[in-house]
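J.: Chains as they are written, first to last, in the numbering used here: chain P, 33 to 505; chain A, 6 to 211.
Quick reminder that beta carbons are idealized off the backbone N, C-alpha and C, glycines included.
Just so it is clear, the structure is predicted and the values come from calculations on it, not from any experiment.
Here's a structure for you.
If you want it as structure tokens, here you go:
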């Protein structure tokens, strides 16, 4: 290799730092989710402090999960894929450092702003406008690093993972900038360019229907890079991946419409949204199945390598989330959602987004080869906890939705509602206990991961010390 | 919608058309006054939209409880739109018909004194903090530039009008503001004989 090993090593360090931050944000966000769930179950736990009230912490939690865990893991994977594809260290080290610190800055500043109440009020994009600007700059830096590094490659043909990442880079920039255009009033206050229904439409467009909202393409790119390497098999069908890539890119621009059924939007736009939502089923399922077929029915290998199990589970939940969104695109089924819920469903947030991210972290952290690998048993335990946790949360959310919808729409003979609202809300209690259990499983899993990673890093630094002739700490 | 005789301008025209269809204010719709506008800001700040919607869906369970669904034109001055993410509590459109103001003040301070099973947190700090009115004029000026029909004297008087008012009062002024509760549905409801009384029995009273 012609490249200087030091430079390449330092960028592995950046990727590792991003991955560690992703792990930290994921853990914090899931702990917060447990707390928020507990506060809803037992409201007397509430601390009565403005900074820590439910309405301010709830967006902080979803944002830390989406941008902290998902976003950091995504940027780490983008850097890794660029470096790996080009066989060249990342270009512009200054920008790499900026991307690392800038993205963490986005989450820290954004979280503080949300606690102080400077929310923009935009669904899944509540950070105030200066943080939005910083986020755009970081995203431009990541794109610049990706494209310039990719320019250095010797093999002209791009692997399919790169296509997904390019799509993700462009789509995130487009969606993020278009949906968050505002007129600033002060440093924390802004008035959005769009008004009323159009603003609501764009908010949901950005939140998106597929797992991870605007990051959807990136998450698939991550898996399509890691899965063939982990299983040492080529992707089942390259052609299917390309076809679903293009259809997803072309159709994803219509995302979010299922969140707007029976809303004040004009009927024609709702019908169009419904059609597009159903059409999205094809590429979504194709992407999931293509990944699963790559495993080629080799279920035995999953026992040996729990990371494969993790990836397979992530793909199954991705498919489930796609299916869920498609079902919600059918108007009568959509009417079953008690409200035009804009929050991420657990199949989407935990099953697809968090699980893909965590699988990627396990994949990325050992680069360059750690002398002491992760404990396989702990990964296996983490995978089972994550799967059980997600299933509990998904089951609870479906049970709540179905039961509440039935009660909500039940009318007496004279046209008045049959059940009072508090009766309906009370039915959510048992499922919420199940959700609490599911989220706790996830938190335990993240703790196991932290212990596992800390152990491996400590071992590897001991080995490095020894190989330099020093004494182990 | 402007007349379209140049086919290559279809894109921009379609976009403007879309925005115009979606945001033409309905007749008689008034923008929020200064106090209600401050209240809206508090609604957004405290994240009320995390648990409450402010949009009635065109579905039986919704209009039986809250009256007919709003149209885009009823929500034409909403910046940003706060339709809400989920319903962990009632929809907050048309609040005056659900409870009176004194009830709401107590409920906002300590929800479980009014609704024993409520999971809503209390908001005591809204009763301790007062509005400063620092940004209200700038905000109204910007909204005016974007098409909300504010008069200049309204804007000039705004800061002195809101200064010193408790935040809870502003929040309730927003929730009870007539523009938020304005729809053609009020007449429709009266016509169908569904009075406030009958809704109180079946609605959200504990």
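(1) Alpha carbon to alpha carbon, how far is residue 101(A) from residue 20(P)? Give it in angstroms, no decimals.
(2) Do you know offhand how far residue 187(P)'s Cα is from residue 152(P)'s?
(3) Tell me, please, whether the CB atom of residue 78(P) is closer than 8 Å to any CB atom in chain C?
(4) Could you confirm whether any beta carbon from chain P is found closer than 8 Å to the beta carbon of residue 85(A)?
(5) Counting along the chain, where does the beta strand (DSSP E) carrying residue 215(P) start and finish?
(6) Just checking: is the beta-carbon of residue 294(P) within a distance shorter than 8 Å of some beta-carbon in chain A?
(7) If you measure from the beta carbon of residue 104(A) to each beta carbon in chain P, is any gap under 8 Å?
(8) With contact counted as at least three CB pairs below 8 Å, one residue from each stretch, are the stretch 318-338 of chain P and the stretch 265-279 of chain P in contact?
(9) So for residue 444(P), helix, strand or coil by DSSP?
(10) Do you know whose CA, among 65(P), 97(P), 310(P), 213(P), lies nearest residue 58(P)'s CA?
(11) Please name the residue in 142(A), 128(A), 167(A) whose C-alpha comes closest to that of residue 78(P).
(12) Whole-angstrom Cβ separation of residue 170(A) and residue 40(A), contact assumed at under 8 Å?
(13) If I'm right that residue 65(A) touches residue 443(P) with Cβ under 8 Å, what's the distance once you round it to whole angstroms?
(14) Does any residue of chain P bring its CB to less than 8 Å from the CB of residue 51(A)?
(15) For residue 75(P), go through chain A and note every residue whose CB falls closer than 9 Å to its CB, in chain order.
(16) For the beta strand (DSSP E) that contains residue 222(P), what are its first and last residues?
(17) Rounding to the nearest angstrom, what Cα-Cα distance links residue 407(P) and residue 338(P) in this structure?
(18) Would you please verify whether the beta carbon of residue 440(P) is less than 8 Å from any beta carbon of chain A?
(19) Let's test the definition: count the other Cβ atoms within 10 Å of the Cβ of residue 85(A) and tell me whether it reaches 16, buried, or not, exposed.
(20) Could you check whether residue 380(P) and residue 290(P) sit closer than 8 Å to each other, using their CB atoms as the reference points?
(21) Measuring alpha carbon to alpha carbon, tell me which residue in 138(A), 157(A), 151(A) is nearest residue 165(A).
(22) Below 7 Å CB to CB, which residues in the same chain sit around residue 89(P) once its five sequence neighbours on both sides are set aside?
(23) Would you call the CB atoms of residue 429(P) and residue 364(P) closer than 8 Å?
(24) Provide the residue span of the alpha helix (DSSP H) that contains residue 256(P), from first to last.
(25) Give me whichever residues DSSP pairs with residue 449(P) in a beta bridge.
(26) For residue 92(A), count the other beta carbons within 10 Å of its own beta carbon; 16 or more makes it buried, fewer makes it exposed. Which is it?
(27) Below 7 Å CB to CB, which residues in the same chain sit around residue 48(P) once its five sequence neighbours on both sides are set aside?
(28) Looking at the C-beta of residue 93(A), does it have a partner C-beta in chain P at a distance below 8 Å?
(29) Less than 8 Å between C-beta atoms, sequence neighbours within five positions excluded: which residues of the same chain meet that for residue 167(A)?
(30) Give the straight-line distance between the Cα atoms of residue 43(P) and residue 132(P), rounded to the nearest whole angstrom.
(31) Since I believe residue 204(P) is in contact with residue 247(P) (beta carbons under 8 Å), could you give me their beta-carbon distance rounded to a whole number of angstroms?
(32) According to DSSP, simplified to helix, strand and coil, what is residue 483(P)?
(33) State yes or no: is the beta carbon of residue 157(P) nearer than 8 Å to at least one beta carbon in chain A?
(34) Give the residues of chain P in contact with residue 65(A), contact being defined as C-beta atoms less than 7 Å apart.
(35) Could you tell me which residues DSSP puts in a beta bridge with residue 135(A)?
(36) Return the CA-CA distance between residue 108(A) and residue 115(A), expressed in angstroms with no decimal places.
T.: Let's see:
(1) In the structure as shown, chain P begins at 33 and stops at 505. Residue 20(P) is therefore absent and cannot be evaluated.
(2) 45 Å
(3) Absent from the structure is chain C; the protein chains it does hold are P and A.
(4) yes
(5) 214-216
(6) yes
(7) no
(8) yes
(9) coil
(10) 97(P)
(11) 128(A)
(12) 6 Å
(13) 6 Å
(14) yes
(15) 116, 117, 123, 124, 125, 126, 127
(16) 222-224
(17) 10 Å
(18) yes
(19) buried
(20) no
(21) 138(A)
(22) 64, 68
(23) no
(24) 248-263
(25) 443(P)
(26) buried
(27) 397
(28) yes
(29) 39, 40, 43, 136, 138, 141, 175
(30) 11 Å
(31) 7 Å
(32) helix
(33) no
(34) 441, 443
(35) 171(A)
(36) 11 Å
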